[in-house]
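Trainee:
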Amino acid sequence: MNYPLFKGSVMGLLLGIASLTASAQKINEQELKVNVGKISNSTQHLKNLEPVTFQYDVNKYKHLKLPAGEQYGFMASNVQPEFPAMVYEASKVYEAGKNNAKVARYNEVQTENLIPVLVAAIKEQQAEIELLKKEVQLLKAKSK
16 MNYPLFKGSV MGLLLGIASL TASAQKINEQ ELKVNVGKIS NSTQHLKNLE
66 PVTFQYDVNK YKHLKLPAGE QYGFMASNVQ PEFPAMVYEA SKVYEAGKNN
116 AKVARYNEVQ TENLIPVLVA AIKEQQAEIE LLKKEVQLLK AKSK
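Residue numbers for the sequence shown follow the numbering used here, so the first one is 16 and each next one is one higher.
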């Protein structure tokens, strides 16, 4: 069996992909990200956060189609003072009748942005652990 139409369309698709790849622009990360700074005092900021479990009121807010069941996260009001850039105003458009749409706005936490802060806190704690180990070794050596 020979499918000339199929072969032509596959070849066209491959050529299209090749031309997209050829014209793609590679941007250096140092050019893309500006005002780069280290995360400091991360452990102290994290100590002020209160992780919670919660459930969305899916009955009252059916129109928002929120996930049911137990959720893990943070209250935006708790995160805002420590990490203001991680809290944003989310909005969902929903139908409120025939030819009528409304927008619900609420604060939400970008929890994935906590990952770099957690890594910085681990590094801070590890440095403190190493320092404490050295102090313990010195104290042991002095007590002999």
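Glycine included, every Cβ here is placed at the ideal spot set by N, Cα and C. Note that the coordinates shown come from a computational prediction; the quantities given were computed from them, not determined experimentally.
Excluding sequence positions up to five away, which residues of its chain have a Cβ less than 8 Å from the Cβ of P66?
Mentor: Y87, G88, F89
Trainee: DSSP three-state call for Q140: helix, strand or coil?
Mentor: helix
Trainee: How about R120 and E104: do their beta carbons lie closer than 8 Å?
Mentor: Contact: yes.
Trainee: Beta carbon of H60, beta carbon of V134: below 8 Å?
Mentor: no
Trainee: Using CA coordinates, which residue listed in M101, V124, K107, G84 is at the minimum distance from H78?
Mentor: From the listed residues M101, V124, K107, G84, the smallest Cα separation to H78 is found for K107.
Trainee: From this set, E85, Q140, I137, Y76, which residue's C-alpha is nearest V118's C-alpha?
Mentor: Y76
Trainee: Excluding the 5 residues preceding and the 5 following E97 in the sequence, name in chain order all residues of the same chain whose CB lies nearer than 7 Å to its CB.
Mentor: Same-chain partners within the cutoff: H60, N63, L64.
Trainee: Could you give the distance in angstroms between the alpha-carbon of I42 and the alpha-carbon of V49?
Mentor: 13 Å
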